[in-house]
Structure formats: C-alpha cells, structure tokens
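Trainee:
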Amino acid sequence: MGEPVSEMCDHLIKAVNVMMDAESSQIYRLEALKFCEEFKEKCPFCVPCGLQLADKAQTAVVRHFGLQILEHVIKFRWNNMPQQEKVQLKNCAMGLLSSGTYPILEEESHIKDVLARIIVEMIKREWPQHWPDMLKEMEALTSIGEAQTELVMMILLRLAEDVITFQTLPAQRRRDIQQTLTQNMESIFSFLLTILQLHVDEYRKLAKAHCRVGVAALSTLAGYIDWVALAHLTNDNCRLLEMLCLLLSETELQLEAAECLLIAISRKGKLDDRKPLMVLFDDVAMHYILSAAQPVVERHYIFLKRLCQVLCSLGSQLCFLVVSLSYAFPHQFLRSSTQITWGTLFRHEILSKDPVIIQMMIKYFRATMTNLVKTGFPSRNDSPSCEYSRHDFDSDEDFNSFFNSFRAQQGEAVRNACRVVPLEGFQIAAEWLQYQISTPIDIGTTGSKMAEGLCSILSPSAVQWDAMTFFTESVVGQLFKNVEVEKLPVDQGIELLQAVLNYNTQDPLILSCVLTNLSSLFPFVTHRPHFLPQVLYKLFASITFEVVEESKAPRTRAVKNVRRHACSSIIKIHVSPSSRLLIQHCPCFDILYNQVKKLFSNEALLTQMEKCALIEALVLISNQFKDYTKQKAFLEELMATVAARWTSDEMRVLLEPALFLAFVGADQLMAEGTDHTTGINRSRLSFCVYTILGVVKRARWPADLEEAKAGGFVAGYTPSGAPIYRNPCTPQVLALLPNLLALIRTHNNLFLPENMCRLSETFSRAYEVIEVERKVVLGLTQPVLDIYDSPVYKTHLERMQGFFCTLYDNCYHILGNAGLSLHQDFYTIEGLAEQIVGSALISLDNVPDHRLRPMLHILLSYWPIREYYDSLLCPLLGPLFAYMLQVRAHTSLLAPVKQYNILDEACEENQVTQEMLEEQLVRLVTREVLDLLSKSRLWDKGRKWDAATLLRQVGCYPAVVGGNLLPEAVTWFYASVLKGLQMHGQHEVCNSALTQLALIIYDNLRPRYMELRSVMTQIPSINLEALDQYDQRLLEPSSAQKVGEKKRKDQFKKLIAGTVGKDLGQQFKKEVHIRNLPSLFKKPKLEKRDIVEPSETGSLAALFSPTQDDI
757 MGEPVSEMCD HLIKAVNVMM DAESSQIYRL EALKFCEEFK EKCPFCVPCG LQLADKAQTA
817 VVRHFGLQIL EHVIKFRWNN MPQQEKVQLK NCAMGLLSSG TYPILEEESH IKDVLARIIV
877 EMIKREWPQH WPDMLKEMEA LTSIGEAQTE LVMMILLRLA EDVITFQTLP AQRRRDIQQT
937 LTQNMESIFS FLLTILQLHV DEYRKLAKAH CRVGVAALST LAGYIDWVAL AHLTNDNCRL
997 LEMLCLLLSE TELQLEAAEC LLIAISRKGK LDDRKPLMVL FDDVAMHYIL SAAQPVVERH
1057 YIFLKRLCQV LCSLGSQLCF LVVSLSYAFP HQFLRSSTQI TWGTLFRHEI LSKDPVIIQM
1117 MIKYFRATMT NLVKTGFPSR NDSPSCEYSR HDFDSDEDFN SFFNSFRAQQ GEAVRNACRV
1177 VPLEGFQIAA EWLQYQISTP IDIGTTGSKM AEGLCSILSP SAVQWDAMTF FTESVVGQLF
1237 KNVEVEKLPV DQGIELLQAV LNYNTQDPLI LSCVLTNLSS LFPFVTHRPH FLPQVLYKLF
1297 ASITFEVVEE SKAPRTRAVK NVRRHACSSI IKIHVSPSSR LLIQHCPCFD ILYNQVKKLF
1357 SNEALLTQME KCALIEALVL ISNQFKDYTK QKAFLEELMA TVAARWTSDE MRVLLEPALF
1417 LAFVGADQLM AEGTDHTTGI NRSRLSFCVY TILGVVKRAR WPADLEEAKA GGFVAGYTPS
1477 GAPIYRNPCT PQVLALLPNL LALIRTHNNL FLPENMCRLS ETFSRAYEVI EVERKVVLGL
1537 TQPVLDIYDS PVYKTHLERM QGFFCTLYDN CYHILGNAGL SLHQDFYTIE GLAEQIVGSA
1597 LISLDNVPDH RLRPMLHILL SYWPIREYYD SLLCPLLGPL FAYMLQVRAH TSLLAPVKQY
1657 NILDEACEEN QVTQEMLEEQ LVRLVTREVL DLLSKSRLWD KGRKWDAATL LRQVGCYPAV
1717 VGGNLLPEAV TWFYASVLKG LQMHGQHEVC NSALTQLALI IYDNLRPRYM ELRSVMTQIP
1777 SINLEALDQY DQRLLEPSSA QKVGEKKRKD QFKKLIAGTV GKDLGQQFKK EVHIRNLPSL
1837 FKKPKLEKRD IVEPSETGSL AALFSPTQDD I
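Using my numbering, the first residue of the sequence shown is number 757, and each one after it goes up by one.
Structure below.
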C-alpha cells in the first residue's frame, strides 16, 4: 500500500497548492477542490494519506489538509470502521499531540485547532465507555511540554462547548458525557488551577511560552465556569477567585482573567450558594480590582470594559456598589455600563436610605453634570473620549444614537435619586441654570452657517445648555411629586422662573432650551399666578421666532423646533392641572385669545401645524368653562371661518377627482424655483382639516359628573343608569362631516387609472411613499447628523407628497376621533355605516398598501362602543375582510418573478430597496389586518372562551362543528399549514406553533374527513405503518392503547418531519451520525416479586410468627 499512498499524497499536495495559490485560475481551483472532496468521500486509504500529509515536514497548508482528512474520517466513517482501525487511529492522533507539533510559539494556531477537533470528535464517540482513561492521558500529555499543555486546554474547552454550550450531540451521548464531566469536575478544576498556577509562575520569570499556556488555561476555565456547580468556584477558600483577582495585574493575562471573573460573578443560583462571592468585597480583592484599572491607556481599553462589567455584575449580584470608578474615566461606553447598577441602587427600598448611598447620590448628581454633556464624537478631537469613541462607533450617527440611550439611562437614575433627595437635586439644578444664564454664549469653532454668531449643535454653549436643561427637567419633575406643598422651595423656583423670563437670545438652540426650562418651572406659577401673563408673552414671542426676518430661505430645523416647542408648551400648560388659572384670571384668557386672532390674521405667518396647535390650546381652555352653552358659542365663533370655507361652493371640488387635482395644482407642470399659484389652496384646505381635527380631538365635557350635570352636558341616561353626555362641538362637526367623507372618497378615487393619468409629469410620483415614512418602514430610523443645521429646500414634488399624505391621515384621524368625542351623536347618524363604506372602503383595489395602513390602524385604535357593533362595526368589517382576503391571497399566490435591465449599481440598489419596501408594506398591512381581526373577538370579559372564539365570530365555527365544510376546503386548510412548515419550519418558534396547529387540525377533523389521510401520504419519507397506528387511535379510541399527550405529540411530529424545510446552507450539508453507547447511568429496574414470598432473608409472614425467644 506504500506506493499508492505516496503517489496519492503527491497528487493531493499538488491539488492543495493549486487551491491555495492566488495565481491559479478558477477552473483549476475548482478541479482541485473536486479532486480533494472526491478523495475524502471515496478513497479507501484516507487514514494513511492523512497521517503522511500531517507530518511536520510538510507545509502548514498541507498539514492542515491532512488533519482535515483525519477529522472527516472520524466524523463520517467512524461507525463503519473495525475496532482495530479505531484504536490505531486514536493512537496515531495521540502521537500527533505528543510529538507532531512545533514548539508552542512556532506552531500555527489553525493546526492546533484542527488537532483539538480531531481528539474531541473521538471523545464524543467513545468516552467514557470505551475510553475510560482519557482524562489521565490528557494529564500525562501536559508533562511533555507547553505546546501539549495548550492543546489539552483547547481540547477540554472545545469538549465543554460542544457538549454544554452548543449541544451538538445526540441526547444520550450528551447526557453521558455531561454526567461524567460533572462527576470528575473536582479533579478537572484542580487540574486546571494547578496548570494555571504553574505556568503563571513561570510566566513571571519572563517565559513567553508559559504565557500562552496561561491564556489557554483561562479560556478553558471560562468554558466551564458558566455551568459547573457554584461550589467548584468557591472551593479551597475561594482559591479560583483569588487567583483571578491576582491575574488582573498581569498585563498579558488580565483580559482573560476579567472574562472569567465576569462569568463567575454573573452566575445565577440560590442566595446561599452565592454568599461566598462576597469575598470579592474584601479590601485585598477590591484593591486588586481597582488598582488594575489605574493605567488608562488605549491598549487596556477592552480590558477596562470587562473590568467595568465585573464591577457592575458585583453590584447587580449583591445590590451594593459604592465605588465611583466608572466616572473616573473619559470613556462614554464605560460610563454607560454602570447606569443600570446605579439605577438599581437608587430605587432599592432599603439601600437607597443608607447614608453612604445618599452621599453617593449627591456625588452622582455632580458627576452627571459632566456626563450629560454631548461630547466625544468620533470625528472630532474636542474631548478625551473622542479617541475611545473611534474604537466603539463607526460614525457620528452611531455615537449620537448611543448617547441618546445613555442620556435616557442617566435621566432614569437621576429621577430615582430625586425620590430620595429631591431638594438637594433641585439645588444643584438651580445653581447650574443660574450659571448658564450668566455665562456668555460660546459658539466655539463650529458655529452655525445660517447666520453669524449662532451655535451649532456641537458648540460649547449649546451642549452645556442642552445638558443642563435635561438635568433640570428630570429634577424638577420629581420635586413636585416627592415634596410636600408647604416644603416646596417656591421663592427659589419663582426666582429661577423670573431669570428665565428675563433671558433673551436670538440663538435658536439656546432659545429651545430656555423654553424647556420655562415649561419645567411653570408649576411654580400656581403659587404666584401674577407671573402667568409674562409666561404667555414669552411663549407667543417664540411662536413667530425667526433668525433672519423676511428671508425666503427655508427655516432651519432649529428654528422650526423653537416655534413647535412654543406651541407645544402652550398646549402643555392647558393640559396641566394649573389650566384653571387661565379661566380664573380672565385677562390671561383674553391675552391668549387676542394673540391667536392676531397671528391668524396673517395667513403666511404660521404653518398649518402651528395654527392647529394654537386652536387646540383654545379648545382645551374652553373645556374649563364647565358651561355647555358658553363653550358651544365659543367653538362656533372659533370655527366660523373654517365652517364657512368648508361648506362653501368652492369646496365642491372635493366631490370630483379631476376638479380636486386642478384645485391643488397636481395636474400642472412646474419648474423648480417658481412659485406654485395653487399653494394657497392646499394651505387653506389643510388648515380646514387641521382645525376640524383639533376641535374634535380636544373638545370634551367635564370629567366630574356633578360638574357635567350643572353645566348642561348630560343629555340623559341609559337604561342601566349611565349618563349620556353631549359634546359642545357636535353641531359644528356634524355639519362638516359630509364634505369630509366626500374628500375621503375622492382621495381613494385618485388612484383609479383614469385619474392617475391626470397627474402632470412634475407630480407623477405624488402618491408614492414619502421619504420619512419610507425610512420608518425599512427600519432606517437613525437620522443623518446635520451638525450645521443647514436649511432644507423641498421640491414641488416633495411638498405635494407631504400634502397628500398628511391630508389623507388627518381625514381618518377626524373620523376616528369623532367616535371618541361625539359618542352616540356620531354613531347614531342615519346610514353612517353605508356612508363610510361608500367613502373609506371604495376603490380599495387601486389604493396602495401604504395608504391602507392609516385606515386599518385608525379602525383598530378608535373602536366603537359595544352597543354599536352590529349596526356599525359588522357592516364595515364584512367588505373590508372580504377585500383583504382577496388581496392577500392574490399577493401570496401570484408573486411574479421580476426581471430588470440593470444599468448600473445605483439602479440595482434602488430596485432592491423598492422590493424590500413593497414586501415590508405587505407584512405591515397584513399585521394590521390580523390585529383588527383579533380585536373583533366580541367575548364578555367574565366568560372564558375556548380557542374557537375567532372562528365563531367570523362565521366559520358553525361550519366546522357541523361538518359542513367542503372536503376541498379542509384539505386546502391543512395543506396550507404543512406548506408553512416547509417554508418556515427551520425556525424553532414557527415550527412549534405550526406543528401544534397541524396536530389540532388533524386530530379534530381526521375522523370526519378521510381526505386528510391523502394529504399525509404525500409527505416525503412518511412511515405509513406509523400513520395507520396513529389513525387507528383517532378513529377507534376505545380499542386502541392509550398514549400520553407528550408521546402522541412526538409521534405526530415524526410523521410530518418530512415537510419541515431547511435553510439553504443546511440543505446540502452532510449529516454526522454519532451512535449511542451503553448508558453508564441507567438505574437497574427492581425485580418484581411477592413480598410475602419466602426468601433468603425470610418472609414477611415469618417476621410476625411466634418463636421461643418471644417474651
């Protein structure tokens, strides 16, 4: 055999060199690969060839291939090999371990890895039954040298990973090996610690080879610490933990030691078992942990992360951490790692009251003043943390996303601390606010490009104001919740409020922070109401804020935020409990109303959203009238202009798609840079819809029943005695409803082919998904960081897209809110269901998925009250579900294969993105339908319904129970579930759910529908005899042997196993079969016998028989 082996080895060496040669052509490389694979599959002398190629004299790539041959033989031929060949191969493999490698610092890591795999594959097949001395042989290898010791560590680590972590063995083999490991764990741990101690001592003598063994030993320990009994970690007076703490000071071993410590400390278990971990709070242990963190240099950065996690795990494990280590370093990541631990301490019912923790809270406040400042962007060099951010984050956007989460964590910790020390937190916030007000603005080197002397988001003053504002908002909110009214620092709060009111700036970023502080401090106004007019004047001045007056350039994001912030603040004031102040102080209400009318007199002064916010504010304050007649008159006056325009002859354009498109200018050609003359029409139309929405969303009756009755809001009572309320906005809203429904109907008809043709070339894409929604659907929610806040110029098309999208959504929001706001006055409109079907559900065949989502979501969110289900809900759900079923079936069955003429890479990318968008929209719409369907289950809360509730509600249940379903429907239903298994069965969650569903269907319908058997017989590789036995138990349960539920499920799972699909990467993978060995741990069954029967030790009767020795 020697000559054929040598000849074959020569061919294999040439093939391997061709595969690994970068200059080889693809054809030659494929031929060489094919030759090598055929050799491994078919050649009868793989073992001698593999051993010859694995010789140290060969090159590294050839040796690696030789070892791969041996691994392949063990994995796929072991079961068919004679015992003598197995022993010979095992001895040869052990010989390679002992003398087949170079010294530890010279040997290639991939050679060591494949050698370890070979031994582990044999262990998995033969240990412990046929290889009882394996551990002793491994121990003997370590006496040969450092290289062999490292290989033994790698073998033990891989064995633990395959058996415990990845569980790649059959259940019985895994159980045998795991139990044997557990039984020998004391000796294994003792062996590992001895190896670690020995080689660490040698490493300290500057022997680099021993360092490699130390690293391998620590890595092996990490593979065992996670699952062994906690007692092994604390044996011998916590020797392991002591060694790990000592190794934190060894530069080359500290990272692996920290990994082991982290795993040990993070272990779960009984409290008594974890008590020994308290030794790590000993002064000596803590000294080693903290001293290891002192050298802050870049190469220690990963180690510092692990060390920080060790400290956090200690805090979580023992709920006690009193070191401020994480705040001593400039790394944002390290700081963020400790936030959960700080939050846990500050909200702990007992520890939070400890004097030491209270002192740490105040220190934490001070440290947070630095940590909340947004610095450390990887693209900059204005902070020590920038260098570390370049290691942790790929871009400024990544860092910005992380920092927002980091700030939220700090805010939670600050709020928890303020529940204990609210006054101390407020004092720090007050000092910081006063300091920022008195400090001149510093724009730094990155000022805004919009105007001279303005900050960018990274300017020193901007980041300081932003941090201070967040801190103040977190603190003040807790102050009013946790301090009694008489103890509130009202004078100091009013002093701060006065300082904020007097502070003037034209910088939009700073002004936005000022408005936030104004909102935070507003609750103090309830104690000094005479400050209310000053607050309103400050807010109204900010609503019309501009950096450059009469500029035609678009407003920057910062300017828009200031105006939006001011509007939101006004709404927030009116929603707050202190809103009664505006009614009690009539001049304040007059100021508010007059200011709004003044702003509305100039159509171009405010955006539609800003106008809507102010209208909402007025409606909210009118709710405090507590007088139906007065509020109704006020709302009539407020809506007079809108009502007149909405019901005018001009709005007849809402009835016809062609007239509507001409009215909004979508049929006109427009050149960029020119004014759109129909823009004023779109603006007025949007204002009408915004106003209706604001009124119907905010107008309400008093929450208190007595106040509602006194104010005339109660129209009567139901038979059960519940009050029937009337909304003061009802007459106005109902008068505007016909045109709203007409607009919805026209909007749906815009998607008809004849109306799509009316769009001009400029606006041909006006109905497509807007960019913001597109990013949300695709999950691209991370915004691009615009440091300089450059103004964004929108094209005519983008403006038109935004108009259609917003108008469509707002129409449905009005429709949904009308039910919540008007109740029976809305639900009892004659023919309401028919009107909605004739508007919202018309032309759905042409409406794109992204337009269906708002309609479905609003139907889901604003569900009618129970008594109107039959009259309103069912007439809507009938046509809606019929349409959705038709569309979903069409989408899933007729998904065409798209072919594109790819012109360039950008075109290809856009087409792929569009496909992803369409697929994701289908999923989202389907989910909305399923949510809608699930919410349509109309059971009583006090009654327990079975799994058939959904079928009962949609009309299928009676047909199933009565056996009236067509056989074709039953087989289609069952086959669809099996197809789901074929498509998604490789995912465990889907597999479990679909298998359970298939079992329920087959068990319940098989006795009545014999056709289901024909579906089962088509499953590949099904065992027909097992199927017959399963069917017999279903059809003749009385005569068949009873089987437990679990066993029955397992039998059914085996029957349909042939339908379960596989991932593409698993479809062509060769199966590895590991035979079970005789179990070592199976308890012998006790022999059954009659206990009365005589035996060698006597019988039960003999025990009670009289003898001469009896007393």
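Ideal placement from N, C-alpha and C gives every residue a C-beta, glycine not left out.
Distance check for Ala1013 and Thr898, CA to CA, integer angstroms please.
Mentor: Taking the sequence shown and counting its residues from 1, one reaches residue 898 at position 142. Taking the sequence shown and counting its residues from 1, one reaches residue 1013 at position 257. Each residue's Cα considered, the two are about 21 Å apart.
Trainee: Using 8 Å as the threshold, is the C-beta distance between Leu907 and Leu853 below it?
Mentor: Along the sequence shown, read from residue 1 onward, the residue named residue 907 stands at position 151. Along the sequence shown, read from residue 1 onward, the residue named residue 853 stands at position 97. Their beta carbons are under 8 Å apart, which means Leu907 touches Leu853 by this criterion.
Trainee: Using 8 Å as the threshold, is the C-beta distance between Phe821 and Val761 below it?
Mentor: Mapped onto the sequence shown, residue 821 falls at position 65. Mapped onto the sequence shown, residue 761 falls at position 5. No, the Cβ-Cβ distance between Phe821 and Val761 is not below 8 Å.
Trainee: Would you call the CB atoms of Thr1202 and Leu1210 closer than 8 Å?
Mentor: Locating residue 1202 in the sequence shown gives position 446, where the first residue counts as 1. Locating residue 1210 in the sequence shown gives position 454, where the first residue counts as 1. Their beta carbons are not under 8 Å apart, which means Thr1202 does not touch Leu1210 by this criterion.
Trainee: Under a Cβ-count criterion, where at least 16 other Cβ atoms within 10 Å of its own Cβ denotes burial, should Asn1832 be classed as buried or exposed?
Mentor: Here the question's residue 1832 lines up with position 1076 in the sequence shown. Flag for Asn1832 reads exposed.
Trainee: What does a CB cutoff of less than 6 Å around Asn773 pick up in its chain, not counting 5 residues either side in sequence?
Mentor: Residue mapping note: residue 773 aligns to position 17 of the sequence shown, counting from 1. Cβ neighbours of Asn773 beyond the five flanking positions: none.
Trainee: For Met1556, count the other beta carbons within 10 Å of its own beta carbon; 16 or more makes it buried, fewer makes it exposed. Which is it?
Mentor: Stepping through the sequence shown from its first residue, residue 1556 is reached at position 800. With 16 or more other Cβ atoms within 10 Å, it is buried.
Trainee: Could you name the residues that DSSP lists as bridge partners for Ile1480?
Mentor: By one-based count along the sequence shown, residue 1480 stands at place 724. Paired residue(s): Gly1472.
Trainee: Between His1503 and the rest of its own chain, which residues show a CB-CB distance below 6 Å, the 5 nearest in sequence each way excluded?
Mentor: Translated into the one-based positions of the sequence shown, residue 1503 becomes position 747. The answer, listed in chain order, is Tyr1564.
Trainee: Just the C-alpha distance for Gly1435 and Lys1316, rounded to the nearest angstrom, thanks.
Mentor: On the sequence shown, position 679 is the one that residue 1435 refers to. On the sequence shown, position 560 is the one that residue 1316 refers to. Whole-angstrom Cα-Cα distance: 20 Å.
Trainee: From Ile1299 to Arg1320, what distance separates their C-alpha atoms?
Mentor: For the purposes of this step, residue 1299 is taken as the residue at position 543 of the sequence shown. For the purposes of this step, residue 1320 is taken as the residue at position 564 of the sequence shown. Cα-Cα distance, rounded: 7 Å.
Trainee: Between the Cα of Asp1263 and the Cα atoms of Pro1487, Thr1312, Asp889, Asn940, which residue gives the shortest distance?
Mentor: Counting from 1 along the sequence shown, the entry for residue 1263 is found at position 507. With distances taken between Cα atoms, Asp1263 lies closest to Thr1312.
Trainee: Taking the C-alpha atoms as reference points, what is the distance between Phe795 and Lys846?
Mentor: Indexing the sequence shown from 1 puts residue 795 at position 39. Indexing the sequence shown from 1 puts residue 846 at position 90. Phe795 and Lys846: Cα-Cα distance of roughly 21 Å.
Trainee: Within 10 angstroms of its Cβ, does Asn834 collect 16 or more other Cβ (buried), or is it exposed?
Mentor: As a working mapping, residue 834 is identified with position 78 in the sequence shown. First, the residue type needs correcting, since residue 834 is Trp and not Asn in the sequence shown. Under this definition Trp834 is a buried residue.
Trainee: Considering Cα atoms alone, identify which of Val1331, Ala1400, Asp1383 is closest to Leu1374.
Mentor: Along the sequence shown, one-based indexing puts residue 1374 at 618. Nearest of Val1331, Ala1400, Asp1383 to Leu1374, Cα basis: Val1331.
Trainee: So, are the CB atoms of Tyr1044 and Leu1002 less than 8 Å apart?
Mentor: In the sequence shown, the residue the question calls residue 1044 occupies position 288. In the sequence shown, the residue the question calls residue 1002 occupies position 246. Going by C-beta atoms, Tyr1044 is nearer than 8 Å to Leu1002.
Trainee: Using the Cβ count rule (16 or more neighbours within 10 Å means buried), how would you classify Lys1294?
Mentor: Numbered from its first residue, the sequence shown carries residue 1294 at position 538. The residue in question, Lys1294, is buried, as its Cβ has 16 or more Cβ neighbours within 10 Å.
Trainee: For the stretch 1164-1231, list the alpha helix (DSSP H) runs that are entirely contained and at least 4 residues long, ordered along the chain.
Mentor: Entirely contained in the stretch 1164-1231, the alpha helix (DSSP H) runs reaching 4 residues are, in chain order, 1178-1194.
Trainee: Closest to Leu1288 by CA distance: which of Ile1326, Glu1359, Val1303 is it?
Mentor: Residue numbering aside, residue 1288 sits at position 532 when the sequence shown is read from its first letter. Measuring from the Cα of Leu1288, the nearest candidate turns out to be Ile1326.
Trainee: Give every residue of the same chain whose Cβ lies closer than 6 Å to the Cβ of Leu1370, excluding the five residues on either side of it in the sequence, and list them in chain order.
Mentor: Counting from 1 along the sequence shown, the entry for residue 1370 is found at position 614. Within the same chain, Leu1370 has close Cβ partners Val1352.
Trainee: How many angstroms separate the CA atom of Ala1173 from the CA atom of Leu1036?
Mentor: The residue labelled residue 1173 in the question sits at position 417 within the sequence shown. The residue labelled residue 1036 in the question sits at position 280 within the sequence shown. Going from the Cα of Ala1173 to the Cα of Leu1036 covers about 27 Å.
Trainee: How big is the Cα-Cα spacing for Thr1584 and Trp1457?
Mentor: Here residue 1584 refers to the residue found at position 828 of the sequence shown. Here residue 1457 refers to the residue found at position 701 of the sequence shown. So the alpha carbons of these two residues sit roughly 19 Å apart.
Trainee: Are Ile825 and Ile874 touching if we call contact CB-CB under 8 Å?
Mentor: What you label residue 825 is simply residue 69 of the sequence shown in a count that begins at 1. What you label residue 874 is simply residue 118 of the sequence shown in a count that begins at 1. Not in contact: Ile825 and Ile874 (Cβ atoms no closer than 8 Å).
Trainee: Starting from the C-beta of Ala1455, find all residues in its chain whose C-beta is less than 8 Å away, skip the five residues before and the five after it, and write them out in chain order.
Mentor: Your numbering for residue 1455 matches position 699 in the sequence shown. Cβ within range, chain order: Val1375, Ser1378, Asn1379, Gln1387, Leu1391, Asn1483, Pro1484, Cys1485, Ser1577.
Trainee: Under three-state DSSP, which class holds Ile874?
Mentor: Numbered from its first residue, the sequence shown carries residue 874 at position 118. It is helical.
Trainee: Could you pull the start and end residues of the alpha helix (DSSP H) that Glu1724 belongs to?
Mentor: Counted from its first residue, the sequence shown places residue 1724 at position 968. Per DSSP, Glu1724 belongs to the alpha helix (DSSP H) from 1723-1740.
Trainee: Measuring only the C-alpha atoms, how far is Thr976 from Gln1642?
Mentor: Within the sequence shown, residue 976 is the residue found at index 220, counting from 1. Within the sequence shown, residue 1642 is the residue found at index 886, counting from 1. Approximately 58 Å, taken between the alpha carbons.
Trainee: Could you have a look at Ser1005 and say whether DSSP puts it in helix, strand or coil?
Mentor: Within the sequence shown, numbered from 1, the residue matching residue 1005 stands at position 249. If DSSP states are grouped into helix, strand and coil, Ser1005 belongs with coil.
Trainee: When burial is assigned at 16 or more other CB atoms within 10 Å of the CB, is Leu768 buried or exposed?
Mentor: Translated into the one-based positions of the sequence shown, residue 768 becomes position 12. The residue in question, Leu768, is buried, as its Cβ has 16 or more Cβ neighbours within 10 Å.
Trainee: Look up Leu996 in the DSSP assignment and say whether it is helix, strand or coil.
Mentor: On the sequence shown, position 240 is the one that residue 996 refers to. Helix.
Trainee: Note down, in chain order, each residue of its chain lying with its Cβ closer than 7 Å to the Cβ of Val818, except the 5 sequence neighbours on either side.
Mentor: As a first step, residue 818 is located in the sequence shown; it is residue number 62 there, counting from the start. Only Ile769, Val772, Leu809 meet the Cβ criterion.
Trainee: So the alpha helix (DSSP H) Lys1328 belongs to, where does it begin and stop?
Mentor: As a position in the sequence shown, residue 1328 is number 572, starting the count at 1. Unbroken alpha helix (DSSP H) run through Lys1328: 1313-1331.
Trainee: Is there at least one non-hydrogen atom of the ligand SAH closer than 7 Å to the beta-carbon of Trp1188?
Mentor: Among the components of this structure there are no ligands whatsoever, and the ligand SAH is therefore not found.
Trainee: Between which two residues does the alpha helix (DSSP H) containing Thr905 stretch?
Mentor: To locate residue 905, count along the sequence shown from 1; it is residue 149. Looking at the DSSP string, the run of the alpha helix (DSSP H) that includes Thr905 is 902-916.
Trainee: Under 8 Å between the Cβ atoms of Leu933 and Trp983?
Mentor: The residue labelled residue 933 in the question sits at position 177 within the sequence shown. The residue labelled residue 983 in the question sits at position 227 within the sequence shown. According to the sequence as given, residue 933 is Ile; it is not Leu. No, the Cβ-Cβ distance between Ile933 and Trp983 is not below 8 Å.
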